[in-house]
Amino acid sequence: MEKNTTRRSFLSSSAKATLAITASLAAGSTLMEACGTPRVAYGATGIQTGFGQDPLPYSYSALEKAIDAMTMEIHYTKHAAGYATNLADAAKAENVDTSKPLEDVLTRISKYSTKMRNNAGGHYNHELFWKSMSPNSTEKPAGKLLAAIEQSFNSFDSFKTQFGDAGKNRFGSGWAWLFIDGDKKLRIGSTPNQDNPLMDVSDIKGLPVLGLDVWEHAYYLRYQNKRPDYITNWWKVVDWGYVQTRFDRLS
Ligand code: MN3
Numbered sequence: 033m034e035k036n037t038t039r040r041s042f043l044s045s046s047a048k049a050t051l052a053i054t055a056s057l058a059a060g061s062t063l064m065e066a067c068g069t070p071r072v073a074y075g076a077t078g079i080q081t082g083f084g085q086d087p088l089p090y091s092y093s094a095l096e097k098a099i100d101a102m103t104m105e106i107h108y109t110k111h112a113a114g115y116a117t118n119l120a121d122a123a124k125a126e127n128v129d130t131s132k133p134l135e136d137v138l139t140r141i142s143k144y145s146t147k148m149r150n151n152a153g154g155h156y157n158h159e160l161f162w163k164s165m166s167p168n169s170t171e172k173p174a175g176k177l178l179a180a181i182e183q184s185f186n187s188f189d190s191f192k193t194q195f196g197d198a199g200k201n202r203f204g205s206g207w208a209w210l211f212i213d214g215d216k217k218l219r220i221g222s223t224p225n226q227d228n229p230l231m232d233v234s235d236i237k238g239l240p241v242l243g244l245d246v247w248e249h250a251y252y253l254r255y256q257n258k259r260p261d262y263i264t265n266w267w268k269v270v271d272w273g274y275v276q277t278r279f280d281r282l283s
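And the structure:
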């Protein structure tokens with residue numbers, strides 16, 4: 033009798049959990065379990081990405097110590113805006129519900145067109161990039177994130193070297209990433225074009241914490257062919273407060 037009661041209450045709580053997950057997915061969350069990506073209900077993190085461009089959180093000239101105003105303006109109003117427009121076209125053509133987080137599409141990007149892959153990635157990556165920079169950078173993380181970086185990469189300086197190398201060594205256009213892998217460890221990697229670690233087609237898989245755009249359009253006006261100089265200066269404008277928020281909510 034007692035056993036039956038226990039079993040009934042187990043079934044009952046199991047059914048409740050299933051309902052909670054279903055409700056959570058219906059509300060626009062994503063449970064990522066494929067391909068070693070950690071499980072994250074994006075809807076609950078408060079950092080999911082929408083399909084439209086958010087306003088730039090500072091002026092075009094605010095990041096001058098690393099990136100000139102004209103580059104910022106062209107990058108935001110032409111390149112990034114173009115990805116958002118083309119993403120909207122692709123979403124319409126492929127019947128994507130744009131009220132749900134973009135992460136839902138990225139984790140299943142192999143099911144969609146090349147146009148969707150390029151523009152969903154392009155839009156997501158740039159939205160993350162703008163928010164990861166600030167004119168008031170502390171130039172160094174703190175707390176749990178700093179501890180995790182030191183544990184994974186020996187020191188903050190060593191992390192910067194390895195991350196910078198990922199950007200410098202990416203042949204052609206792409207991104208350097210700090211991301212959380214399926215074992216909840218911090219990793220550094222890079223992706224070509226507008227791919228990112230959320231994509232099921234990516235060689236590196238996980239949850240992006242910080243991304244650096246190393247396409248020439250991100251730096252050419254001031255730095256021309258000198259991508260390493262752009263990367264060295266970029267550290268002066270990283271918003272570690274935002275990066276820490278992402279790490280806290282995703283890890
Ligand atoms: Mn770009």
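Sequential numbering from 33 applies to the sequence shown in the working numbering. Yeah, the Cβ is synthetic: ideal placement off N, Cα and C, and Gly gets one too.
Sorted by chain position, which residues of the same chain lie with C-beta nearer than 8 Å to residue i's C-beta, five sequence neighbours on each side aside?
{"i": "Trp272", "result": "Ser169, Thr170, Glu171, Lys172, Pro173, Ala174 and Leu177"}
Classify residue i as buried or exposed, calling it buried when 16 or more other Cβ atoms lie within 10 Å of its own Cβ.
{"i": "Asn257", "result": "exposed"}
{"i": "Ala125", "result": "exposed"}
{"i": "Phe211", "result": "buried"}
{"i": "Pro260", "result": "exposed"}
{"i": "Phe203", "result": "exposed"}
{"i": "Gly28", "result": "Nothing can be reported for residue 28, as the shown portion of the chain is limited to 33 through 283."}
{"i": "Ser131", "result": "exposed"}
{"i": "Lys237", "result": "buried"}
{"i": "Thr81", "result": "buried"}
What span of residues does the beta strand (DSSP E) with residue i cover, start to end?
{"i": "Ser184", "result": "First-last for Ser184: Gly175 to Phe185, but that is the alpha helix (DSSP H), not the beta strand (DSSP E)."}
{"i": "Arg219", "result": "Leu218 to Pro224"}
{"i": "Gly206", "result": "Gly206 to Ile212"}
{"i": "Gly19", "result": "The displayed coordinates of the chain run from 33 to 283. Any statement about residue 19 would go beyond what the structure contains."}
Excluding the 5 residues flanking residue i on each side, which residues of the same chain have their C-beta closer than 7 Å to its C-beta?
{"i": "Ala101", "result": "Tyr92 and Ser93"}
{"i": "Val128", "result": "Val137"}
{"i": "Asn36", "result": "With a pLDDT of only 43 at Asn36, under 50, the local geometry of the prediction cannot be trusted, and no value is derived from it."}
Return yes when at least one heavy atom of the ligand MN3 lies under 7 Å from the C-beta of residue i, else no.
{"i": "Trp266", "result": "no"}
{"i": "Trp247", "result": "yes"}
{"i": "His111", "result": "yes"}
{"i": "Ala116", "result": "no"}
{"i": "Ala250", "result": "yes"}
{"i": "His18", "result": "Examination of residue 18 is not possible in this model, given that the chain is present from 33 through 283 alone."}
{"i": "His107", "result": "yes"}
Got a sec, what are the start and stop residues for the alpha helix (DSSP H) residue i sits in?
{"i": "Gly273", "result": "Trp272 to Leu282"}
Leaving out five residues before and five after residue i in sequence, what residues of the same chain have Cβ atoms less than 6 Å from its Cβ?
{"i": "Trp266", "result": "Ala98"}
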